[in-house]
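One structure below.
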Amino acid sequence: MESIGVLLMCPMYSYLEQELQSRFNLFKLWQQPPSKITEFLKSNQRTIKAVVSNARVGVDAQLIDSLPNLEIVASFSVGFDKIDLKRCEEKGIRVTNTPDVLTDDVADLGIALILAVLRKICPCDGFVRSGKWKDGDFGLSTKFSSKPVGIVGLGRIGSAIAKRAQAFGCSISYHSRTQKPLKPYKYYDNIVDLAKNCSILVVACSLTDETRHIVNREVIDALGPRGILINVGRGAHVDEPELVSALLEGRLAGAGLDVYEDEPEVPEPLLRLDNVVLLPHVGSDTVETCNAMADLVLANLEAHFNSRPLPTPVI
Amino acid sequence: MWFPKLLPVTERSLLRPFLHHTTNPLLHSSTTSLRQSNLLPRRVSTAAVSPMESISVLMTCPPVHPYLVEALEKRFTLHKLDSVPDKPQFLSSHRDSIRAVVGNAAAGADAELIDQLPKLEIVSSYSVGLDKIDLAKCKEKGIRVTNTPDVLTDDVADLALGLMLAVLRRLCESDRYVRSGLWKKGDYKLTTKFSGKTVGIIGLGRIGMAIAQRAEAFSCPISYFSRSQKPGINYKYHPSVVDLAANCDILVVACALTPETRHIINREVIDALGPKGVLINIGRGPHVDEAELVSALVEGRLGGAGLDVFQDEPNVPEELFKLENVVLLPHVGSGTVETRQAMADLVVGNLEAHFLNKPLLTPVV
Numbered sequence: 020m021e022s023i024g025v026l027l028m029c030p031m032y033s034y035l036e037q038e039l040q041s042r043f044n045l046f047k048l049w050q051q052p053p054s055k056i057t058e059f060l061k062s063n064q065r066t067i068k069a070v071v072s073n074a075r076v077g078v079d080a081q082l083i084d085s086l087p088n089l090e091i092v093a094s095f096s097v098g099f100d101k102i103d104l105k106r107c108e109e110k111g112i113r114v115t116n117t118p119d120v121l122t123d124d125v126a127d128l129g130i131a132l133i134l135a136v137l138r139k140i141c142p143c144d145g146f147v148r149s150g151k152w153k154d155g156d157f158g159l160s161t162k163f164s165s166k167p168v169g170i171v172g173l174g175r176i177g178s179a180i181a182k183r184a185q186a187f188g189c190s191i192s193y194h195s196r197t198q199k200p201l202k203p204y205k206y207y208d209n210i211v212d213l214a215k216n217c218s219i220l221v222v223a224c225s226l227t228d229e230t231r232h233i234v235n236r237e238v239i240d241a242l243g244p245r246g247i248l249i250n251v252g253r254g255a256h257v258d259e260p261e262l263v264s265a266l267l268e269g270r271l272a273g274a275g276l277d278v279y280e281d282e283p284e285v286p287e288p289l290l291r292l293d294n295v296v297l298l299p300h301v302g303s304d305t306v307e308t309c310n311a312m313a314d315l316v317l318a319n320l321e322a323h324f325n326s327r328p329l330p331t332p333v334i
Numbered sequence: 342m343w344f345p346k347l348l349p350v351t352e353r354s355l356l357r358p359f360l361h362h363t364t365n366p367l368l369h370s371s372t373t374s375l376r377q378s379n380l381l382p383r384r385v386s387t388a389a390v391s392p393m394e395s396i397s398v399l400m401t402c403p404p405v406h407p408y409l410v411e412a413l414e415k416r417f418t419l420h421k422l423d424s425v426p427d428k429p430q431f432l433s434s435h436r437d438s439i440r441a442v443v444g445n446a447a448a449g450a451d452a453e454l455i456d457q458l459p460k461l462e463i464v465s466s467y468s469v470g471l472d473k474i475d476l477a478k479c480k481e482k483g484i485r486v487t488n489t490p491d492v493l494t495d496d497v498a499d500l501a502l503g504l505m506l507a508v509l510r511r512l513c514e515s516d517r518y519v520r521s522g523l524w525k526k527g528d529y530k531l532t533t534k535f536s537g538k539t540v541g542i543i544g545l546g547r548i549g550m551a552i553a554q555r556a557e558a559f560s561c562p563i564s565y566f567s568r569s570q571k572p573g574i575n576y577k578y579h580p581s582v583v584d585l586a587a588n589c590d591i592l593v594v595a596c597a598l599t600p601e602t603r604h605i606i607n608r609e610v611i612d613a614l615g616p617k618g619v620l621i622n623i624g625r626g627p628h629v630d631e632a633e634l635v636s637a638l639v640e641g642r643l644g645g646a647g648l649d650v651f652q653d654e655p656n657v658p659e660e661l662f663k664l665e666n667v668v669l670l671p672h673v674g675s676g677t678v679e680t681r682q683a684m685a686d687l688v689v690g691n692l693e694a695h696f697l698n699k700p701l702l703t704p705v706v
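Chains as they are written, first to last, in my numbering: chain V, 20 to 334; chain G, 342 to 706.
Next up, the structure:
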């Protein structure tokens, strides 16, 4: 398989890079100067049969069209919003992602964000390190246990978040495209009602045309000045300027964000607020999970090129 | 010193002014369910109860909670030891009037104080921990002691989980990484998964059990050490702390501080926990040999620590400030608006019950 060309879209996990390097003929797109990319793709288009992408850099129609021998796109992520699925389908290109192996990590981070925002963990830690504790106590924060939690999207990750939040005595409600009859939580067929009826709103659905800006001004108003928003989905799920102004004006009590509309750019005004927690898209970034994700990417590629069923196909 | 601006307090608006001026607008009173479960007294009335107004109550801890101070001042003659310039002189001149002491985790009633207050009848602690009260002396003298159990269990357990997640996933470090602009230069490094890690709990009382129940939802196997094995509990019991430490990834201190549990986390336990292990302390600072802990962290012999309590609060060993594998909190375990209010209601409720010759709400002695 060393002759099979695999195009790696951006630097990813070093273990994954090393394995791809040893098993395939690996091309690293980011090592090409931008002006030379078209030329580079053209001269290697016969060899490149696979692309490995991730949450940050995807595979659009233009790239697909420039690689006539492309057979498979294996994403080092569970989200595939940056892959032109329609074009892949048209051309019979397989697409795989990394579901399940990262569910726990993302759900853990969702709960961590809730605790960090409500209990002001980061400002408290800063307070101690700066020596300010010697001058007086920190002040009071707000309880998490028993607060009503509303989840947007009750897939693998949403369900894992629900299970954890329940252990804190939280009542769970959710909104998704369809009601899930086997889930014991309260269903709302629209997100505004969900937001009205919870204190903590968690975005955990996939990003599609329908869910872009699913958290908009109306939802933020419904969540209200005592509500907090947690986003472990995609930045584009939230109307970011609306979120920022709501936080600055006190129309929303706080937010825990792992994703943003234009990563790694984070709106400047948020950097000065102590009622937000800002993480650099680390939802699945643990050693254990990245190893598992990398193994899944490799397994999908190996299966494909050995004509075996794909472990985790999207299409 | 932070506290919200005070407003006149009326019966109906007891809660609202504090809500309005807290820096955190997230109040959602969960005390209703606690009242319904009879763990709390009825909302304390602000109507004057004349016999009690003359009763002298001494607050030995710093008066950081305005709601508690106000509630006490409304009912009793409250003296704040913290603001008295000449403490020995004050105690001497008030020895025959002080009938109650209110303390907390920082200061309570030791033997020396008890001996100076011959009319002392009750010590009501604004905490669940009793380590700052000389219980033996109180028993000897027939002095009642009350604390604030149950109402703070959830908050402390929540914070323990918050610390575990913050340490393992480097939450505060990552947040600082974004705010400093470093993310534009490159991704933050990989951290460690929390779900599925073995959690070892020292002390399986109310708080220990609440921590266990939460950690179970993250698929963490639970093991514990306590003075005796608890029947009917499915978690794995270890007969020694060293054994527990050797067999878990995250060790949580959740027991009461007594002479037996002082420095229960010592060098041997830290070595057993090891360079990938994480210590979480939401108990009391003296549970841990702090000097040993600091050197283990600095030398990499311990993987990380999440600490809400310290040997000599508010002093924290400065060597810890440069470490990215620790999270340091200023003793905020029960520090939410909801819970501190419930605790204050319990303190006042216990004092009222005592002086009205009714059964105490949450007696220890």
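All C-beta atoms in this analysis are idealised placements derived from N, C-alpha and C, irrespective of residue type, glycine included. Nothing here was measured: the structure is a model prediction, and the numbers come from that model.
*Within the chosen definition, does the stretch 194-201 of chain V reach the stretch 161-179 of chain V through at least 3 CB pairs nearer than 8 Å?*
yes
*Would you call V/L266 buried or exposed, if buried means 16 or more other Cβ atoms sit within 10 Å of its Cβ?*
As a first step, residue 266 of chain V is located in the first sequence; it is residue number 247 there, counting from the start. With 16 or more other Cβ atoms within 10 Å, it is buried.
*asked:* List, in chain order, every chain V residue whose beta-carbon is nearer than 7 Å to that of G/C671.
replied: Position 330 of the second sequence holds residue 671 of chain G. In the sequence on display, residue 671 of chain G carries Pro and not Cys. Here the neighbours are C143, F146, V147, W152, D156 and F157.
*Closer than 8 Å by C-beta to G/P459: which residues in its own chain qualify, once you throw out the five before and the five after it? Chain order, please.*
Locating residue 459 of chain G in the second sequence gives position 118, where the first residue counts as 1. R436 and D437.
*Give a yes or no on whether 8 Å exceeds the smallest Cβ distance from V/T331 to chain G.*
Position 312 of the first sequence, counted from the first residue, corresponds to residue 331 of chain V. No, its Cβ sits nowhere closer than 8 Å to a Cβ of chain G.
*Taking G/R510 as the query, report the chain V residues whose CB atoms sit under 8 Å from its CB, ordered along the chain.*
To locate residue 510 of chain G, count along the second sequence from 1; it is residue 169. Chain V residues near G/R510: D127, L128, A131, V301 and T305.
*Three-state secondary structure (DSSP) of V/G177*: Locating residue 177 of chain V in the first sequence gives position 158, where the first residue counts as 1. Helix.
*With respect to 7 Å, is the separation between the Cβ of G/A441 and the closest non-hydrogen atom of the ligand PLP below this value?*
As far as ligands go, the structure on display features none, and thus does not contain the ligand PLP.
*For G/L367, three-class secondary structure by DSSP*: Mapped onto the second sequence, residue 367 of chain G falls at position 26. Caution is warranted here: a pLDDT of 42 is assigned to G/L367, below 50, making its placement in the model unreliable, and the coordinate value is therefore given only provisionally. If DSSP states are grouped into helix, strand and coil, G/L367 belongs with coil.
*Going along the chain, which unbroken runs of the beta strand (DSSP E) with 3 or more residues stay wholly within the stretch 252-281 of chain V?*
273-276
*Listing by chain order, which chain G residues have their CB less than 7 Å from the CB of V/T308?*
Position 289 of the first sequence, counting from 1, holds the residue named residue 308 of chain V. Those within 7 Å of V/T308 in chain G are K534.
*Determine, using beta-carbon pairs with one atom in the stretch 108-127 of chain V and one in the stretch 137-154 of chain V, whether at least three such pairs fall under 8 Å.*
no
*Which residue's Cα is closest to the Cα of G/T532: G/L506, G/G544 and G/R642?*
Working through the second sequence from its first residue, we reach residue 532 of chain G at position 191. Cα-wise, what sits closest to G/T532 is G/L506.
*Residues of the stretch 458-489 of chain G with a CB closer than 7 Å to any CB of chain V: list them in chain order, please.*
none
_V/A313: contacting residues in chain G (beta-carbon distance under 7 Å)_ = In the first sequence, counting from the first residue as 1, residue 313 of chain V sits at position 294. Result: empty, since nearest Cβ-Cβ is about 11 Å, beyond 7 Å.
*Residues within the stretch 417-434 of chain G neighbouring chain V, beta-carbon criterion of under 7 Å*: none
*Just the C-alpha distance for V/Y32 and V/L298, rounded to the nearest angstrom, thanks.*
As a position in the first sequence, residue 32 of chain V is number 13, starting the count at 1. As a position in the first sequence, residue 298 of chain V is number 279, starting the count at 1. Their Cα atoms are separated by approximately 18 Å.
*Between G/A551, G/D472 and G/S468, which lies nearest to G/T602 when the distance is taken from Cα to Cα?*
Translated into positions along the second sequence, residue 602 of chain G becomes position 261. Ranking the options by Cα distance to G/T602, first place goes to G/D472.
*Verify the CB distance criterion: does G/D528 have a CB-CB separation below 8 Å to chain V?*
For this step, residue 528 of chain G is matched to residue 187 along the second sequence. Judged by the 8 Å Cβ criterion, G/D528 is in contact with chain V.
*Within the same chain, show all residues whose beta-carbon is closer than 7 Å to that of G/R555, passing over the 5 residues directly before and after it, in chain order.*
If you number the second sequence from 1, residue 555 of chain G lands on position 214. These residues qualify, in order along the chain: A498 and L502.
_Assigned exposure category for V/K55 - 16 Cβ within 10 Å defines buried_ = Position 36 of the first sequence, counted from the first residue, corresponds to residue 55 of chain V. Its Cβ having fewer than 16 others within 10 Å, V/K55 is exposed.
*Find the nearest neighbour of G/G549 within the set G/T494, G/V583, G/D584 and G/A587, judged by alpha-carbon distance.*
For the purposes of this step, residue 549 of chain G is taken as the residue at position 208 of the second sequence. Checked all of G/T494, G/V583, G/D584 and G/A587; the closest Cα to G/G549 is G/T494.
*Rounded C-alpha distance that separates G/S434 from G/G470*: By one-based count along the second sequence, residue 434 of chain G stands at place 93. By one-based count along the second sequence, residue 470 of chain G stands at place 129. Whole-angstrom Cα-Cα distance: 30 Å.
_Spatially closest choice to V/H194 from V/A181, V/Q185 and V/D304, by CA coordinates_ = For the purposes of this step, residue 194 of chain V is taken as the residue at position 175 of the first sequence. Among V/A181, V/Q185 and V/D304, the Cα nearest to that of V/H194 is on V/A181.
*Neighbourhood of V/V136 by C-beta, 6 Å cutoff - its chain only, sequence neighbours within 5 removed*: As a working mapping, residue 136 of chain V is identified with position 117 in the first sequence. Around V/V136: I247, G273, G275 and V296.
*Quick one: Cα of G/K525 to Cα of G/A452, how far?*
Here residue 525 of chain G refers to the residue found at position 184 when the second sequence is read from its first residue. Here residue 452 of chain G refers to the residue found at position 111 when the second sequence is read from its first residue. Distance between the alpha carbons of G/K525 and G/A452 is about 59 Å.
*Quick one: does G/Y576 have its CB under 8 Å from some CB of chain V?*
Here residue 576 of chain G corresponds to residue number 235 of the second sequence, with the count starting at 1. No, no contact with chain V.
*By the criterion of Cβ-Cβ separation under 8 Å, what are the contact partners of V/K182 in chain G?*
For the purposes of this step, residue 182 of chain V is taken as the residue at position 163 of the first sequence. Result: A558.
*Name the chain V residues that come within less than 7 Å of G/K525, Cβ to Cβ?*
Residue numbering aside, residue 525 of chain G sits at position 184 when the second sequence is read from its first letter. Here the neighbours are P283.
*Which runs of the beta strand (DSSP E) spanning at least 3 residues fall entirely within the stretch 130-180 of chain V, listed in chain order?*
168-171
*Please classify G/P426: does DSSP put it in a helix, a strand, or coil?*
Stepping through the second sequence from its first residue, residue 426 of chain G is reached at position 85. Reduced to three states, the DSSP call for G/P426 is coil.
*When you compare each of V/F95, V/D84 and V/V263 to V/P288 by their alpha carbons, which one comes out closest?*
Residue mapping note: residue 288 of chain V aligns to position 269 of the first sequence, counting from 1. Of V/F95, V/D84 and V/V263, the residue nearest in Cα terms is V/V263.
*Is the Cβ of V/F59 closer than 8 Å to any Cβ of chain G?*
Taking the first sequence and counting its residues from 1, one reaches residue 59 of chain V at position 40. No, V/F59 does not count as interfacial toward chain G.
*For the 8 Å Cβ check, are there 3 or more pairs between the stretch 614-622 of chain G and the stretch 639-650 of chain G?*
yes
*Closer than 8 Å, CB to CB, is V/I176 near chain G or not?*
In the first sequence, counting from the first residue as 1, residue 176 of chain V sits at position 157. Answer no: the Cβ-Cβ gap between V/I176 and chain G never drops below 8 Å.
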